[in-house]
Amino acid sequence: MKILYFDCFSGISGDMVLGALIDSGLKIDVLRKELEKLGLKGYSITTKKVMRGGLAGTKFDVLLNTKVKSRHSKSLKEILNLIDNSALEPRVKKLSKDIFHNL
């Protein structure tokens, strides 16, 4: 078993988590493939290497298509329904929902 520890001394956001996971070996193509299973439309993701304060990392961005009408935020209930109705593997669904409940 591998354990990942985040030292969030000044906080961390979702894009920062994904950038760190990519730097730790998560393949962007694998991430894209899994995200497609959610059935969401009107977005794309980009990554680029950056240097900030002497630290190297990956900048992760979600770009929204302005032509697609969508709210930018979803309630917990909506997120859980999205996960339940997705094509994700059952184990991934359970882990994802557990994470959102803990947040």
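Residue numbers (numbering that gives the first Met the number 0): 0 to 102.
By construction, the Cβ of each residue, glycine as well, lies at the ideal position given by its N, Cα and C atoms.
query: Of the listed residues Leu17, Met50 and Lys66, nearest to Ile44 (C-alpha basis); result: Leu17
query: Three-state class that DSSP yields for Lys32 in the structure shown; result: helix
query: Cβ distance (whole Å) where Tyr42 is taken to contact Leu63 below 8 Å; result: 5 Å
query: Under 8 Å between C-beta atoms of Asp22 and Gly56; result: yes
query: Cut-off 8 Å between Cβ atoms - residues of its own chain near Phe99, not counting five sequence neighbours on either side; result: Leu75, Ile78, Leu79 and Ile82
query: Identified DSSP bridge partners for Lys47; result: Lys58
query: Residue(s) in a DSSP beta bridge with Tyr42; result: Leu63
query: Run of the alpha helix (DSSP H) containing Ile2, from where it starts to where it stops; result: Counting along the chain, Ile2 falls outside any alpha helix (DSSP H), and DSSP gives it neither H nor E.
query: Length of the line joining the Cα atoms of Asp97 and Arg51; result: 32 Å
query: Burial state of Phe59, where buried means 16 or more other Cβ atoms lie within 10 Å; result: buried
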